[in-house]
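Engineer: Just passing along the structure, written as structure tokens.
Spelled out as structure tokens, the structure:
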């Protein structure tokens, strides 16, 4: 009997003394087989793949290639065993051309002959059906083109074991179908393929076997043909999901924030928001759905005054004065000076919402440190606030003086959301607030958002899990490639319908006219 | 295709970043580093000179504490080095690599010297000192803020920019010396030797008292500024993450420029103190490499003003001591640079063992059994 | 008049050689992402190591052999500067210490070593006076035999010792290496994005070490050229001046391209001695002219940052240390 192309036995990896990213993981893939590695965000999938490709070194466990035990100390060793990894964040050199990136690190004849490389790249492209200009510089490429370069790179090196880390997250549906066709062709060519994903339909349509991780622990491997969505979901989350998120009816909703015909262009000159219009109402949760990178971040940042706006309006209806204020073109400080109580939980918690090296008290001051007339800081109130949040939200921390980077993901998020809510906002924007959080923390966050809604706050919730969006939100705004595809009622919404709107080519209705 | 190599090579050790280390242990590691540095330096001295290293270190100690005068010179030099270190600190906390303190001090000194040279004794000394103070600080600001403006607007690499500004300043000094000293000796004599106009007065019977007092006050100011002021807080936020700063509405450009104004101003002040309080003349070597040494002082003290008192005194002590050895054993005075270098290498190298942990593979295996 | 111009060109080339060595060495180093501000110190050590080697050899024999007069100082110079570069690499690559701090300390250390041995080498051997290695200097200065016969052209362009040609060959070779070889491509990748290079199977540590060592060795030759060819085997403390920093300026001025560095070095070398050749120039104006290279470098730095052309930027990870398991 043939031995697995790659087999992992009892792999364990820890970060620091507390975080266990992988615990006793076992899996195996044969040649001509596609294995899906399934798990929620933060379940340790990427860490595991980084171990196979030599980026991390495991604390315990063994790796076998074709039945022989091997030690993978570095990516170089991984190449030796013909392992090729396509990272979620592309590992490409921006100022190099595609061809230069493809041959990077190879030990062939010393003189770098661009013509032979180009020819070989063309040959691979034809074999599997890629479309790429080998001389184009990476910084001029689209995301999909970059991914193509990554795949050709590992094929060029003759990889037999391919690992793809969430390859579809950044692709349009058409591009995804193209990618899957290519993967199937590779499988026929006898490659062993591991694809990391958390999208069940992709798992079912593409793979032969599914291995499931949950919170770093290995749950098991099942044959795709013998399983179904329900079983996989149960393996993934541990119990059947009946989300049961509370949802009350909005109490006399009024338009709090109205966005009209908003357009934004990013630093590279690409239009990231195209004619976006919607309104967020007090006392309701407005969900925003869309595939990653459809303009969600830019939209929230534009409202918060962090993203330059090309055209359009952002109107705030002040409940106190009754006035209508234009927020477009204002800095965060100017917005606050207008009396707009806008809170924002950004996607990047430690890179934007909080300062990792500062303690909880100093992080409490981030938004409020300007208070007071003297040039000196006032630390008494932030200290009280920190202690209140630690108590109320059950933040697990040694003390309020602990730097937030030492807290776990869920606790970091509680600190951040707690601070933003403490400012008693009238508009609360939260981008992926439960990403990477365990079930309990997630529910704690949902409850906090619901409380705010009941207090009459206009809540804007950007999410990725459609089940959550449908159960939590009153209305859902669906965007696709920076355009509004439509707004649906959360209570009547159909998952398939939203999925379709998210992947609508070109997005908005304008194209149809 | 397969190789027959069956020996499994496991890495001997692998390195992980450590987040928390007991403070005591961190200081233990630093002490070991200093101690090993002294041993290595001793070895170097012995191989070169054949002298008893203990005797050499005793001499070194005498260089700083041998007499009251020597002690005051130690204090004065420490004060000046500390002053420059305080100047670069806010910028470094902001992750702005100001390698141009040397030049900023120099233009500050040049401005003071120019005031003294042109005013002579045309105005009362206190007024001249005031004018010198203001012009020096302004010149320091100009030299410091220029790279900051370009960094803020176009993200021009500030370490290279400030580095180049040093040599522009040096040439500027040379130029003025050539203008002021027509005989071509290119050495500027003591300015206003007779009138002592523009010289900081002697108080408490010591020439350098005012310098020391000003720097002491400045240290307190900087400590408060960094830890308890809103501006200091903004500097920390910008240094930790520009994205967070943007998110909370901090104007990053403004903070960069404002911080470099402070940095440049303190450098200019140092230049003033050196000319008005210490040297009463100007030369290219006025800052004497302090702009660079200060970076190491600030770095070793982890940008903590109170710690900088110790680190700057330590470095000056080394330099003085090495100078003493040089004269006592008839060695070239450059030996002090060599010893300083060795000790700095050891101390900065020791930071690795504080920030990272080396995990030996074999130990882990034993733990498993 | 024409003679003056040729004499000027000749002198400018002589001035440019140490700068070119330094700049080429620093370019190779910076391409790996290491901003080695220890280069001025390394150049001092490259010079003094050559002097020590030459001195020991000249003192050991009655009749110095020309070949050994060259080989011994050359080898000792290379060893000396590589030792210093090794200190830098060990601290910044293995121990991941801040590059600026390490570099500046290295410069202090290197200049200290240069001046210390330069000032006390003779006294170790019970001699007095200043070091002067006439024989060794002669060997290094020996020019092409037919240079004299080519008139003013030969005098201007061919009258240099072998190190001058070596400098240009190394610069051109480096340019070819960076643009047309795999190792060069890998090296540039390390400086642009070490984690990508690492993922591509390039040994980042090895590349950083080797490029810093080789870069240091090349820069050290600049010091050797200065003490052997330019001053003819004599050492004066601080005689090398701030040429090391000028070399770092050239790296920026030449936007990290070795071939451009050849012309930049010539330009900067020319500015260094321009005042001697312009009649009636006051000594104060001379200082202003000496300021020009730095001012121009700042302008170049500003212009490339304003134009934001990707190919002209410094290596992206310049100044940063790399740790694979960084999360």
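Residue numbers (the working numbering), protein chains in the order written: chain B, 23 to 535; chain Y, 529 to 897; chain V, 8 to 334.
Each residue gets a CB set at the ideal place from its N, CA and C atoms; glycine is no exception.
1) Could you tell me the alpha carbon to alpha carbon distance between residue 408 of chain B and residue 737 of chain Y, rounded to whole angstroms?
2) Once DSSP output is grouped into helix, strand and coil, what is the label at residue 262 of chain B?
3) Would residue 213 of chain B pass as a contact of residue 184 of chain B if the rule is Cβ separation under 9 Å?
4) Taking buried to mean at least 16 other C-beta atoms within 10 Å of its own C-beta, is residue 441 of chain B buried or exposed?
5) Can you name, in chain order, every residue of its own chain whose Cβ lies under 8 Å from the Cβ of residue 479 of chain B, other than the five neighbours on each side?
6) Beta carbon of residue 462 of chain B, beta carbon of residue 427 of chain B: below 9 Å?
7) Can you give me the C-alpha to C-alpha distance between residue 802 of chain Y and residue 734 of chain Y, rounded to a whole angstrom?
8) So the alpha helix (DSSP H) residue 38 of chain V belongs to, where does it begin and stop?
9) For residue 105 of chain B, which residues does DSSP report across the bridge?
10) Could you tell me the alpha carbon to alpha carbon distance between residue 692 of chain Y and residue 49 of chain V, rounded to whole angstroms?
11) By Cβ distance, which residues of its chain are closer than 7 Å to residue 821 of chain Y, with the 5 residues on each side in sequence left out?
12) Give me the chain B residues within the contact set of residue 37 of chain V, using Cβ-Cβ distance strictly less than 7 Å, ordered along the chain.
13) Can you tell me where the beta strand (DSSP E) with residue 235 of chain B in it begins and where it stops?
14) Could you spell out where the alpha helix (DSSP H) holding residue 298 of chain V opens and where it closes?
15) Could you check where the beta strand (DSSP E) with residue 242 of chain B kicks off and where it finishes?
16) Shortest alpha-carbon distance to residue 212 of chain V belongs to which of V:114, V:177, V:169 and V:93?
17) By the DSSP assignment, the beta strand (DSSP E) with residue 82 of chain B in it spans what residues?
18) Taking the straight line between their C-alpha atoms, what separation do you get for residue 650 of chain Y and residue 662 of chain Y?
19) Can you give the beta carbon distance from residue 664 of chain Y to residue 628 of chain Y, rounded, assuming they're within the 8 Å contact cut?
20) Among V:286, V:306 and V:304, whose alpha-carbon lies nearest the alpha-carbon of residue 11 of chain V?
21) At least one CB of chain Y closer than 9 Å to the CB of residue 330 of chain B: is that the case?
22) Would you call the region 742-751 of chain Y and the region 609-628 of chain Y touching, i.e. three or more CB-CB distances under 8 Å?
23) My assumption, with CB atoms under 8 Å, is that residue 146 of chain B sits in contact with residue 174 of chain B. Please give the rounded CB distance.
24) If distances are taken between C-alpha atoms only, which option among V:305, V:324 and V:231 comes closest to residue 86 of chain V?
25) Taking residue 57 of chain V as the reference, which of V:241, V:179, V:201 and V:169 has the closest Cα?
26) Going by DSSP, what residues sit across from residue 241 of chain V in a beta bridge?
27) Give the interface partners of residue 134 of chain B over in chain V, defined as CB-CB distance under 7 Å, in chain order.
28) The region 823-838 of chain Y: which residues have C-beta closer than 8 Å to a C-beta of chain A, in chain order?
29) Taking the alpha carbon of residue 365 of chain B as the reference point, which residue from B:348, B:438, B:168 and B:311 has its own alpha carbon closest?
30) Per DSSP, what are the beta-bridge partners of residue 30 of chain B in this structure?
31) Are the Cβ atoms of residue 611 of chain Y and residue 742 of chain Y separated by less than 9 Å?
32) Between the alpha carbons of residue 458 of chain B and residue 501 of chain B, how many angstroms are there, rounded?
33) Using CA atoms only, rank isn't needed, just tell me which of Y:633, Y:795 and Y:758 is closest to residue 384 of chain B.
34) Would residue 899 of chain Y and residue 374 of chain B qualify as a contact pair, given that the criterion is a beta-carbon distance under 9 Å?
35) Specify, as a first and last residue, the run of the beta strand (DSSP E) that residue 219 of chain B falls within.
36) Could you tell me the alpha carbon to alpha carbon distance between residue 262 of chain B and residue 223 of chain B, rounded to whole angstroms?
Structural biologist: Let me lay it out:
1) 46 Å
2) With a pLDDT of only 43 at residue 262 of chain B, under the threshold of 50, the placement of this residue in the model should not be trusted; the figure read from the coordinates follows. Of the three classes helix, strand and coil, the one that applies to residue 262 of chain B here is coil, per DSSP.
3) yes
4) buried
5) 304, 305, 447, 448, 449 and 450
6) no
7) 15 Å
8) 9-38
9) B:183
10) 19 Å
11) 609 and 843
12) Chain B residues near residue 37 of chain V: none, gap ~15 Å exceeds 7 Å.
13) 231-236
14) 290-314
15) 239-245
16) V:93
17) 82-87
18) 18 Å
19) So it is not a contact: roughly 16 Å between Cβ atoms.
20) V:286
21) no
22) yes
23) 6 Å
24) V:231
25) V:241
26) V:139
27) 187, 188, 189 and 192
28) Going by chain labels, chain A is absent from the structure shown, which instead holds the protein chains B, Y and V.
29) B:438
30) B:49 and B:85
31) yes
32) 23 Å
33) Y:758
34) A question about residue 899 of chain Y goes unanswered here, because the residues of chain Y that appear run from 529 up to 897.
35) 214-219
36) Caution is warranted here: a pLDDT of 43 is assigned to residue 262 of chain B, below 50, making its placement in the model unreliable, and no coordinate value can be reported.
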